[in-house]
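S.K.:
Number of protein chains: 4
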Amino acid sequence: MIVVMKNGSSSVQIEHVVKLVREMGLKEHVIVGAERTVVACIGNDRLKDRGALETCDGVDKVVPILAPYKMASREVKKERSIIPLMNSRAGAVDPTIGGRKIGVIAGPCSVESKAQIIEIAHLMKEAGAVGLRGGAFKPRTSPYAFQGLAEEGLKHLAEAREQTGLAIVTEVMSIDQVQVCCDYADVLQIGARNMQNFNLLNKVGETRKPVLLKRGMSATLEEFLLAAEYIIARGNPNVILCERGIRTFEDYVRNTLPLAIVPELHRVSHLPVVVDPSHGTGKSYLVESMCKASVAAGADGLIVETHADPEHAMTDGAQSLTPQQFAEMMTGIRRIALAVDREA
Amino acid sequence: MIVVMKNGSSSVQIEHVVKLVREMGLKEHVIVGAERTVVACIGNDRLKDRGALETCDGVDKVVPILAPYKMASREVKKERSIIPLMNSRAGAVDPTIGGRKIGVIAGPCSVESKAQIIEIAHLMKEAGAVGLRGGAFKPRTSPYAFQGLAEEGLKHLAEAREQTGLAIVTEVMSIDQVQVCCDYADVLQIGARNMQNFNLLNKVGETRKPVLLKRGMSATLEEFLLAAEYIIARGNPNVILCERGIRTFEDYVRNTLPLAIVPELHRVSHLPVVVDPSHGTGKSYLVESMCKASVAAGADGLIVETHADPEHAMTDGAQSLTPQQFAEMMTGIRRIALAVDREA
Amino acid sequence: MIVVMKNGSSSVQIEHVVKLVREMGLKEHVIVGAERTVVACIGNDRLKDRGALETCDGVDKVVPILAPYKMASREVKKERSIIPLMNSRAGAVDPTIGGRKIGVIAGPCSVESKAQIIEIAHLMKEAGAVGLRGGAFKPRTSPYAFQGLAEEGLKHLAEAREQTGLAIVTEVMSIDQVQVCCDYADVLQIGARNMQNFNLLNKVGETRKPVLLKRGMSATLEEFLLAAEYIIARGNPNVILCERGIRTFEDYVRNTLPLAIVPELHRVSHLPVVVDPSHGTGKSYLVESMCKASVAAGADGLIVETHADPEHAMTDGAQSLTPQQFAEMMTGIRRIALAVDREA
Amino acid sequence: MIVVMKNGSSSVQIEHVVKLVREMGLKEHVIVGAERTVVACIGNDRLKDRGALETCDGVDKVVPILAPYKMASREVKKERSIIPLMNSRAGAVDPTIGGRKIGVIAGPCSVESKAQIIEIAHLMKEAGAVGLRGGAFKPRTSPYAFQGLAEEGLKHLAEAREQTGLAIVTEVMSIDQVQVCCDYADVLQIGARNMQNFNLLNKVGETRKPVLLKRGMSATLEEFLLAAEYIIARGNPNVILCERGIRTFEDYVRNTLPLAIVPELHRVSHLPVVVDPSHGTGKSYLVESMCKASVAAGADGLIVETHADPEHAMTDGAQSLTPQQFAEMMTGIRRIALAVDREA
């Protein structure tokens, strides 16, 4: 890190900073500029609290140099990671995220009944999806809203996998749900509201299931990769990053979908990147365009909400595609995928 | 809610909307305007998913009318709530938040050692604090950063209470920490990153400990009150709302502190409101001004980070006041409190 | 608009609202709901200040129903507008924005010299651009930064048009520059910082030159279309909307590029939409991906900063493509364009 | 500035950066760290485009060290500036902004008629205001909304000054209005939408009238002070900074009012700071609290919208105080002012 002294800082103040830098086990390098003195700190300062230096008299600011994440970074692993979605199936050619083929995960916001999930699973499979999403435990903004079918919903999802071969992706909201979700599902989803639920990150880090980690709605890129780092640091390298839109002042969408994060994440991290245009816009009529744009931007996969009867969906009807709209979208993105030398 | 049809919507489309509205158990009221038709829905639609209507052909948008929270609202309880911080102490005059007196909670970000917390507790008590804050379980952005002393830290906090009589406020990060925190602390803090950790909200809602609920860094006012509603709906009415700054584009602060939320929360809710200018700015040199501004804006309390030696604090040194700065701040806010007919 | 009364509002309060609504020349429709009374106002209320009603006792909020823009809206003109960029050239097949072909405008941030602009113009033409951008008047955040070559720069641009046939796009910053820009350029650009410089909008509205209107960095969609409405209302229908990124908390980019606005603008407006991924990211290594994503999202054109020697560019070097990178990008977007049934 | 090289950058790349740094007239200082090499640049680099360096191979990022503004900064002028509002009146004790006394400017959003402005002026004077605000040229989001009385409105304002002695504060929207506003008004207001209308900044910088410069709704602190720098650099040092709220995701207010900017501006600049809680909240019921909070935070003045009949105000009725509410607010802030050793 670089400690920038205030204009007119005294030599006593600079010496005090140097003393603290050395206490931290770093080596200092004092540069006297035309208007400011800066103290460059040499060494691995990832674990040092730069707040301590900011509080010193005569210090203007402290600028970090090293990215605070490591195992999620491209500096540690040059080639892109390819994550198998169903890591337990011997012999089978399992779907992956991160390779040449764009992996599409689709399905309803919530599992509402066995019939509903089985029906939609067959339609998604037919249209080209590799994974089936569906919530059994639902994080709802209101305590009075439908909270999901819990384990019963997981059983329906497992049954849908038996019939279709689709990988099951479901959200785990709490540490006490991790085991039951591992029992039935293939991929554990961490929702945006839980991106910094560190106990939950640690817990899924102790499993070997692939984790679909959604970006928090106001998380910086650095915070996003540090959340992935929590999981990897516990021993689970199978992290799939998912952009699902951020909170801004925009009011024609539920969230603003910032697609430049796709190439930027690929630049700084080896982890695959999936986009969720359903939550990323909140409007079904914007989903197809944003699916195309995501693939054009380099996304490794998509996660899309679908419902056979959106008008009667228990949750997220406004952003769900019908099976027919989904099939059309798949046709559209296959063309885009070819135009960027991939397939879908 | 009000369903706004598109310009040129057909009568078939309007009839279909009316049918869905009736299916929801609501009564419709169709108003044909100069350019648009709107369908006003009469009845309690708090639990209805308006997304279902948004997806219908011919619908432009659906506008909610009723606030989705109820027990946190002023419509249900007209007078302001006063929350005792130490509800178990018979005979004693316990500190409260929400009454005439501004309740100030102060202490270090993290409990670092017994000596540290005991020393600062005495200094805070002397300067006029009613509560002692200190983290035993720390939510850290990086997995490599100091994660807190856990139960040992809680024991130190309890010892500090024995010596000073200060109410102990500590953060609970996960459902499996709720019991141990209840055993030692007086007030359970839900951090900003966990404001929508619904399982945790339910769990603290099952206790009777006062809950200091921090606003998420991108939570709307409605989401904030719905998080409080989760706790109250489980049976615990002792919720203290805490504004701690939001994430915006501003870069001279760690967070932007939006103080207009103080009078707005008082307008729509009966719950007391506390402000955290330490996280709300991230800079110790801005804390005193923002403490004064918070009290002038009508805050019922403050929560302030302090450390005897900020340069060596394990966490949050940059935003911690020294004991002397804290005592000066208390003098300052006592004057402001009198100017708004309160005391501190 | 819909006036929502507070819970428990009195009949006197409701009658007072009704009186004000009638004074505004609107017809009221009072709907008594289970918990709230609402007053629906019938008539064209676009020009009414709803703030007046919000201030009445007993009123909770006022919800607008009609979009405040009209001539920019799809309700007034169903088919998409196609804007010729060089409307004065008889006989020639002039480039347009809004048709099947994606129109690409490229060139340096600033005109630095005649040699520079002539050289880059030929390279852009060769690679497939239809317009040449280049600033003669530069809006600079700092008063000490290079402010542009003014009329001399415009002459160089006109010379480049003579040699290449490219349409000249240049920014006009102030009402006293409109005439000279009209004299030399084909398309007048209104920069993001001037999107709500209403006097300037009126002034370019009095010309017949196509106007490339950049979205303000914190403008809502409604404000963006109202800025277009200013220009159209003065008699100039040739408005091209340009998304160039918005200001958010994201810090790995200069601006966040929200591509869902492309299909949303097409849904509500007939005007063509161009995207500027150079300002929209601020990083040259993100530009190609965002160009592709923009075309996939349905953009009618792109505006891209290029420089033969970005390391020595006087302005915006960090976001400029080299001519070679630009040519590669063009190859890339041609493939995407075909995949969405367009060409580039 | 500090050039941070990528991990693994080559010596050729570092040498190339050094060459460019020298070309800029700066001296380099290469520091080889454990994981990264950084090149510290010594010299005044305020006028250098760091984008040029960001584009070099092997460069990760470029971190500025010097603030880009100078004449607005506290480094150039240590003591706080006190700006007289009516600089032409010999002998009189003119009101000022920046001294011990909080200067309150009040009045309607728009001048609607002579009678209206004269009536409100007397009421404001009586309640303790030192300035009268009122718009003659109105920046309106919609082209169809009331645009102000222009010069006639200015005459009414001047008449109000004759009768009351209040300083006249009025907005100038365009370079061609500067002269006429100078003829009638005492203080020129630059609106938030024009904060980066650089031609207008230059023009008011050529006058000697005090300028009330409103912060743009998404301007950073640095951009705000650079806008002030434009005015000062042209020769007019009489700049009063005005915070009027920023655009965020918050929806219970028109804008989010970030009061920590008040002490921060005082820390880095010598210019006085005024707060506008009317635009800063958009809700009349929040204005009094935010006036108090502003004064407690250290504001040197307030600018408040008032109207004798807000229900019939032509503009901004929802955020206007009645004269009686204004008088009560003044009583309230006098008490707060005393509590921070000032007066109002």
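Protein chains in written order, with the working numbering: chain A, 1 to 344; chain B, 1001 to 1344; chain C, 2001 to 2344; chain D, 3001 to 3344.
Ideal placement from N, C-alpha and C gives every residue a C-beta, glycine not left out.
Quick caveat, the model's predicted, so the values are computed rather than measured.
(1) Taking the beta carbon of V32/A as the centre, do at least 16 other beta carbons fall within 10 Å, making it buried, or is it exposed?
(2) Can you name, in chain order, every residue of its own chain whose Cβ lies under 6 Å from the Cβ of G3099/D, other than the five neighbours on each side?
(3) So if I threshold CB-CB distances at 7 Å, which residues from the segment 3317-3335 of chain D count as touching chain A?
(4) Given that E2035/C touches chain A, what residues does it touch there, using C-beta distances under 7 Å?
(5) Can you find at least 3 beta carbon pairs, one from the segment 156-168 of chain A and one from the segment 1234-1249 of chain B, that sit closer than 8 Å?
(6) Quick check on the DSSP output: the beta strand (DSSP E) that includes A2102/C runs from which residue to which?
(7) Please confirm if D3251/D has its CB atom under 8 Å from at least one CB of chain B.
(8) Just confirm the distance between the C-beta atoms of T1170/B and G1131/B, as a whole number of angstroms; I'd bet it's less than 8 Å.
(9) Could you tell me whether the Cβ atoms of R1267/B and Q196/A are closer together than 8 Å?
(10) On the DSSP letters alone, give me the boundaries of the beta strand (DSSP E) that S1156/B sits inside.
(11) Give the DSSP-derived three-state secondary structure of D1060/B in the structure shown.
(12) Taking one C-beta from the segment 46-63 of chain A and one from the segment 2004-2013 of chain C each time, how about it: are there three or more such pairs within less than 8 Å?
(13) Express the C-alpha separation of I2303/C and A2296/C in angstroms, rounding to a whole number.
(14) Below 8 Å on the Cβ atoms is my guess for R3050/D versus V3062/D; work out the distance and round it to an integer in Å.
(15) Select from the segment 3215-3247 of chain D all residues with a C-beta closer than 7 Å to any C-beta belonging to chain B, and list them in chain order.
(16) Apart from the five residues just before and just after P272/A, which ones in its own chain have a Cβ nearer than 8 Å to its Cβ?
(17) Could you check how far apart the C-beta atoms of E3223/D and T2141/C are, in whole angstroms? I think they sit under 8 Å.
(18) Taking the alpha-carbon positions, what's the S1284/B to I2231/C distance?
(19) Could you work out which residue in N255/A, E250/A, A337/A, F249/A is closest to S294/A when comparing CA atoms only?
(20) For the segment 3317-3329 of chain D against the segment 1304-1314 of chain B, do three or more pairs of beta-carbon atoms, one drawn from each stretch, fall closer than 8 Å, so that the two count as touching?
(21) Residues of chain C with a CB under 9 Å from the CB of A1040/B: which are they?
(22) Within 10 Å of its beta-carbon, does G25/A have 16 or more other beta-carbons around it, so buried, or fewer, so exposed?
(23) Note down the Cα distance separating I1261/B from A1072/B, rounded to an integer number of angstroms.
(24) Would you kindly report the start and end of the unbroken alpha helix (DSSP H) that includes R335/A?
(25) Identify which residue in A2052/C, N2044/C, E2152/C has its Cα closest to the Cα of A1993/C.
(26) If you measure between the beta carbons of M2173/C and F2146/C, is that distance less than 8 Å?
(27) I want to see whether chain B comes within less than 8 Å of M3290/D, judged by CB atoms only; does it?
(28) How many angstroms separate the CA atom of E3035/D from the CA atom of R1234/B?
(29) Output the boundary residues of the beta strand (DSSP E) element that contains M3024/D.
(30) State yes or no: is the C-beta of A2344/C within less than 8 Å of the C-beta of I2102/C?
(31) With 16 other CB atoms within 10 Å as the buried threshold, where does T3331/D fall?
(32) In the DSSP output, what is Q189/A paired with across the bridge?
(33) Mapping DSSP to helix, strand and coil, what is M1005/B?
(34) Flag L1020/B as yes if its beta-carbon sits less than 8 Å from any beta-carbon of chain A, otherwise no.
(35) Any idea what DSSP makes of T3096/D, helix, strand or coil?
(36) For L1154/B, collect the residues of the same chain with a Cβ closer than 6 Å to its Cβ; drop the 5 residues on either side in sequence, then sort them by chain order.
M.R.: Let's see:
(1) Residue burial annotation: V32/A is exposed, with fewer than 16 other C-beta atoms found within 10 angstroms of its C-beta.
(2) Around G3099/D: I3082.
(3) In summary, no residue of the segment 3317-3335 of chain D has a CB separated from any CB of chain A by less than 7 Å.
(4) Residues of chain A passing the Cβ test: none, with the nearest at roughly 15 Å.
(5) At 8 Å Cβ cutoff, the stretches do not touch.
(6) The amino acid occupying residue 2102/C in the given sequence is Ile; Ala does not appear at that position. Membership of I2102/C in any beta strand (DSSP E) is not indicated, and neither H nor E is assigned to it by DSSP.
(7) Interface residue, yes.
(8) About 10 Å separates the CB atoms of T1170/B and G1131/B; that is not less than 8 Å, and the two are not in contact.
(9) Contact: no.
(10) The residue asked about is misnamed: residue 1156/B is His in this sequence, not Ser. Boundaries for H1156/B: no beta strand (DSSP E) harbours it, while the alpha helix (DSSP H) harbouring it runs 1151-1164, taken from the DSSP string.
(11) Note: D1060/B maps to strand in three-state DSSP.
(12) Taking a contact to require three or more Cβ pairs closer than 8 Å, the segment 46-63 of chain A and the segment 2004-2013 of chain C do not qualify as touching.
(13) For A2296/C and I2303/C, the distance between alpha carbons rounds to 15 Å.
(14) Correct: roughly 4 Å between the Cβ atoms.
(15) Residues S3218, T3220, L3221, I3246.
(16) Spatial neighbours of P272/A in its own chain (CB-CB distance under 8 Å, excluding positions within 5 residues in sequence) are listed in chain order as R80, S81, I82, I83, I97, G98, I240, L241, D300, G301.
(17) That pair is a contact at about 6 Å.
(18) The C-alpha of I2231/C is placed about 48 Å away from the C-alpha of S1284/B.
(19) Looking at the Cα atoms, A337/A is the closest of the given residues.
(20) No contact exists between the segment 3317-3329 of chain D and the segment 1304-1314 of chain B.
(21) A1040/B reaches chain C at I2002, H2029, I2031, G2033, V2038, A2040, counting residues in chain order whose Cβ is nearer than 9 Å.
(22) The residue in question, G25/A, is exposed, as its Cβ has fewer than 16 Cβ neighbours within 10 Å.
(23) Straight-line Cα distance between these residues: approximately 15 Å.
(24) 323-339 is the extent of the alpha helix (DSSP H) around R335/A.
(25) For residue 1993/C there is no data in the structure shown, the boundaries of chain C being 2001 and 2344.
(26) Against a cut-off of 8 Å, the Cβ pair of F2146/C and M2173/C comes out as no contact.
(27) So yes, M3290/D belongs to the interface.
(28) Spanning the two alpha carbons is a distance of roughly 51 Å.
(29) M3024/D: not part of any beta strand (DSSP E); DSSP gives it neither H nor E.
(30) Between A2344/C and I2102/C, the CB-CB gap stays under 8 Å.
(31) Of the other Cβ atoms in all chains shown, fewer than 16 fall within 10 Å of the Cβ of T3331/D; this residue is therefore exposed.
(32) According to DSSP, Q189/A shares a beta bridge with E171/A, L212/A.
(33) Correct three-state label for M1005/B: strand.
(34) Nearest CB-CB separation between L1020/B and chain A: below the 8 Å threshold.
(35) Of the three classes helix, strand and coil, the one that applies to T3096/D here is strand, per DSSP.
(36) Closer than 6 Å at the Cβ level, and outside the excluded window around L1154/B, lie A1136, Y1184.
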